[in-house]
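A.B. asks:
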Amino acid sequence: MKLRPLTGTITALVTPFSDGDVAYEDLKKLVAHQIKGGINGLVPVGTTGESPTLGYNEHIDVIRFVVEQARGRVPVIAGTGSNSTREAIELTRLADEAGADAMLLVAPYYNKPSQEGLYQHFAQVAEETDKPLILYSIPGRCGIEISVGVLERLRAKYRHVAWIKEAGGSVDRVDQIKQALGSDMTVLSGDDSLTLPFLSVGAEGVISVASNLFPREVGKMVQAALGNDFAQATKLHRRLYPVFKALFLEPNPVPIKAALARAGIISSPEVRLPLCGMADANAKLLTQALAKLR
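FYI, numbering that gives the first Met the number 0 numbers position 14 of the sequence shown as 13, with every residue one higher than the one before it.
Written out as C-alpha cells, the structure is:
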C-alpha cells in the first residue's frame, strides 16, 4: 500500500478486554466500526490502548491483528514508544515486521531526560527504520515537552520524522512549531476538545479518543476545518464538545470504554489495574452527555 497522508481523523484505539485477556472479537468489531465511519487511520497500543499494562507479546499481537483487520484500507500507526530507548527500538522493529505503516513514539516518561537526551533517544529509533515516525509530546503524562529545537534537529536529519502529536494543551505551541517548521512538520492534535483551535492555526488533523465511538462525526468536523469551512466546523465542535469533555472525567481510556460498551461496540468496559471502572456520579454525567449528542 502506498502510504496515504497521516492527516485527518486518526483513532487512538482502545484495547478491549474480557476476563483479563484481550478481546479480539471486540477489537475486530471496533476496527470495522472505524472503517465504516470513514476514519483516516488507526493507532493501536497507544496510551488509549493501555500499552503500559499490555505484555510484550500482547503489544505486538494487537498491532498484528489491527494490521490484518485494516487490510490496507487505512494506515496503521503502531504505538512503540517507551522510556527505554532499547525497548522503543525493539518495539519499533517488531511493529515494522508486523506490518505497521508508521509508528507513534511518546516522549520518555518518568526518566525526564534533557532535551539532548530526547534528541538522541528519537534519533536512535529513527536510525532503525525508514517508516514514518510520529513523535508524541504530552508533558502532563511525561513530565517533559519535546522542544521545537529538538523537532528542528530531527527533521533536518531524518526526513521520516515529520509528524508530531501535540497534547500540551497550548494553541501557542502549535503556532511555534508552524513558525519554525511550516509544512515540514505535520501537527496532529492530541486533545479532542482542542482540535478545532489547533486546526485554525495550522494543525492537519487529530489522533482522537472520541472517534472510537464517533468516527464519522469527528471526521466531519476535521474535514470541514481542513476545507476552511470554520462555520460548519464550529457548529460540529459545539455539538461534540460536551462529549469531548465527558470522556475525560476520569483517566483515559476508562470513560471511552464505558461509552463503547454502552453502545454495544465492545462487550465490556473492562480496564486493567491500576485503572478501574468509573465512579457512579461520573458515569451518570457521561451518559447524560452521550444522550444529548444522540
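All C-beta atoms in this analysis are idealised placements derived from N, C-alpha and C, irrespective of residue type, glycine included.
To the nearest angstrom, how far is the alpha carbon of Asp279 from that of Pro268?
C.D. replies: Working through the sequence shown from its first residue, we reach residue 279 at position 280. Working through the sequence shown from its first residue, we reach residue 268 at position 269. About 14 Å.
A.B. asks: In the DSSP assignment, what residue or residues form a beta bridge with Asp100?
C.D. replies: Here the question's residue 100 lines up with position 101 in the sequence shown. DSSP, once it has assigned bridges, lists no residue as partnering Asp100.
A.B. asks: Give, in chain order, every unbroken run of the alpha helix (DSSP H) that is at least 4 residues long and sits entirely within the stretch 40-107.
C.D. replies: The qualifying runs are 55-69, 84-96.
A.B. asks: Is it a yes or a no for the stretch 153-165 touching the stretch 118-127, going by three-plus beta-carbon pairs under 8 Å?
C.D. replies: The stretch 153-165, when compared against the stretch 118-127, does touch it at the 8 Å Cβ threshold.
A.B. asks: Return the chain-ordered list of same chain residues with a C-beta closer than 8 Å to the C-beta of Leu284, the five sequence neighbours on each side being excluded.
C.D. replies: In the sequence shown, counting from the first residue as 1, residue 284 sits at position 285. So the list reads Ala245, Leu248, once near-sequence residues are dropped.
A.B. asks: So what's Glu165 in DSSP terms, helix, strand or just coil?
C.D. replies: The sequence position of residue 165 within the sequence shown is 166, counting from 1. Glu165 falls in the strand class under three-state DSSP.
A.B. asks: Tell me the rounded alpha-carbon separation between Met0 and Asn281.
C.D. replies: Residue 0 sits at position 1 when you count from the first residue of the sequence shown. Residue 281 sits at position 282 when you count from the first residue of the sequence shown. Only weak support is given to the placement of Met0: the predicted model assigns it a pLDDT of 44, under 50, and the value that follows is read from those uncertain coordinates. Roughly 43 Å between the two C-alpha positions.
A.B. asks: Could you check which residue in Leu12, Ala257, Val105, Asn110 has the C-alpha nearest to that of Ile62?
C.D. replies: In the sequence shown, the residue the question calls residue 62 occupies position 63. Cα-wise, what sits closest to Ile62 is Leu12.
A.B. asks: Quick check: what's the CA-CA separation for Leu259 versus Arg72?
C.D. replies: Indexing the sequence shown from 1 puts residue 259 at position 260. Indexing the sequence shown from 1 puts residue 72 at position 73. Those two C-alpha atoms are separated by around 23 Å.
A.B. asks: Exposed or buried, what is Arg237 when buried is set at 16 or more other beta-carbons lying within 10 Å of its beta-carbon?
C.D. replies: As a first step, residue 237 must be located in the sequence shown, where it is residue number 238. By the 10 Å Cβ count, Arg237 comes out exposed.
A.B. asks: Please name the residue or residues paired with Tyr135 in a DSSP beta bridge.
C.D. replies: Numbered from its first residue, the sequence shown carries residue 135 at position 136. DSSP output for Tyr135 lists Val105, Lys164 as bridge partner(s).
A.B. asks: Just curious, the alpha helix (DSSP H) that Thr286 is in, first and last residue?
C.D. replies: Along the sequence shown, read from residue 1 onward, the residue named residue 286 stands at position 287. Looking at the DSSP string, the run of the alpha helix (DSSP H) that includes Thr286 is 279-292.
A.B. asks: So is Leu272 buried or exposed if we call it buried at 16+ other beta carbons inside 10 Å?
C.D. replies: Counting from one through the sequence shown, the residue named residue 272 turns up at place 273. Under this definition Leu272 is an exposed residue.
A.B. asks: As an exercise, report each continuous beta strand (DSSP E) stretch of at least 3 residues that is fully enclosed by the stretch 193-266, in chain order.
C.D. replies: Fully enclosed beta strand (DSSP E) runs of 3 or longer: 204-207.
A.B. asks: Given this structure, state the Cα-to-Cα distance separating Gly7 from Met184, to the nearest angstrom.
C.D. replies: Position 8 of the sequence shown, counted from the start, is the residue given in the question as residue 7. Position 185 of the sequence shown, counted from the start, is the residue given in the question as residue 184. Whole-angstrom Cα-Cα distance: 15 Å.
A.B. asks: Would you check if the stretch 47-54 and the stretch 12-32 touch, i.e. whether three or more CB-CB distances between them fall below 8 Å?
C.D. replies: Yes: at least three Cβ pairs fall under 8 Å.
A.B. asks: Would the stretch 170-183 and the stretch 223-230 be scored as touching if the rule is three or more Cβ pairs under 8 Å?
C.D. replies: At 8 Å Cβ cutoff, the stretches do not touch.
A.B. asks: Classify Ser113 as helix, strand or coil using the three-state DSSP reduction.
C.D. replies: In the sequence shown, counting from the first residue as 1, residue 113 sits at position 114. DSSP places Ser113 in coil when its eight states are reduced to three.
A.B. asks: Does the Cβ of Pro252 have 16 or more other Cβ atoms within 10 Å, making it buried, or fewer, making it exposed?
C.D. replies: For the purposes of this step, residue 252 is taken as residue 253 along the sequence shown, with counting starting at 1. Buried.
A.B. asks: With Ile38 as the anchor, note down where its beta strand (DSSP E) starts and where it stops.
C.D. replies: Here the question's residue 38 lines up with position 39 in the sequence shown. Premise fails: Ile38 is in no beta strand (DSSP E) and is neither H nor E.
A.B. asks: Measuring CA to CA, which of Tyr55, Ala179, Ser113, Val66 is closest to Glu86?
C.D. replies: Residue 86 sits at position 87 when you count from the first residue of the sequence shown. The residue with the shortest Cα to Cα distance from Glu86 is Tyr55.
A.B. asks: For Asp129 and Gln287, I'd like the C-alpha separation in whole angstroms.
C.D. replies: Residue 129 sits at position 130 when you count from the first residue of the sequence shown. Residue 287 sits at position 288 when you count from the first residue of the sequence shown. Those two C-alpha atoms are separated by around 46 Å.
A.B. asks: Just verifying my parser: in three-state terms, what is the DSSP assignment at Met0?
C.D. replies: On the sequence shown, residue 0 is found 1 positions in, with the first residue counted as 1. Here the model assigns Met0 a pLDDT of 44, short of 50, so the residue's position is not dependable and the matter cannot be decided.
A.B. asks: Which value, in whole angstroms, describes the spacing of the CA atoms of Ala166 and Gly181?
C.D. replies: For the purposes of this step, residue 166 is taken as the residue at position 167 of the sequence shown. For the purposes of this step, residue 181 is taken as the residue at position 182 of the sequence shown. Each residue's Cα considered, the two are about 19 Å apart.
A.B. asks: Just curious, the beta strand (DSSP E) that Gly7 is in, first and last residue?
C.D. replies: Translated into positions along the sequence shown, residue 7 becomes position 8. Counting along the chain, the beta strand (DSSP E) containing Gly7 begins and ends at 7-11.
A.B. asks: Is the separation between the beta-carbon of Leu5 and that of Ala101 shorter than 9 Å?
C.D. replies: Position 6 of the sequence shown, counted from the first residue, corresponds to residue 5. Position 102 of the sequence shown, counted from the first residue, corresponds to residue 101. Going by C-beta atoms, Leu5 is nearer than 9 Å to Ala101.
A.B. asks: Locate the beta strand (DSSP E) running through Leu187, then write down its first and last residues.
C.D. replies: Locating residue 187 in the sequence shown gives position 188, where the first residue counts as 1. First-last of the beta strand (DSSP E) with Leu187: 185-188.
A.B. asks: Considering just the uninterrupted stretch of the alpha helix (DSSP H) at Lys130, what are its terminal residues?
C.D. replies: By 1-based counting over the sequence shown, the position of residue 130 is 131. Element bounds for Lys130: n/a, residue is neither H nor E.
A.B. asks: Quick one: what does DSSP say Val147 is sitting in, helix, strand or coil?
C.D. replies: For the purposes of this step, residue 147 is identified with residue 148 of the sequence shown, where counting begins at 1. The answer is helix: DSSP assigns Val147 an H, G or I state.
A.B. asks: Could you have a look at Thr14 and say whether DSSP puts it in helix, strand or coil?
C.D. replies: Here residue 14 refers to the residue found at position 15 when the sequence shown is read from its first residue. Note: Thr14 maps to coil in three-state DSSP.
A.B. asks: Does the separation of the CB atoms of Ile133 and Ile88 fall below 9 Å?
C.D. replies: Taking the first residue of the sequence shown as 1, we reach residue 133 at position 134. Taking the first residue of the sequence shown as 1, we reach residue 88 at position 89. Cβ distance not < 9 Å, so Ile133 and Ile88 don't count as in contact.
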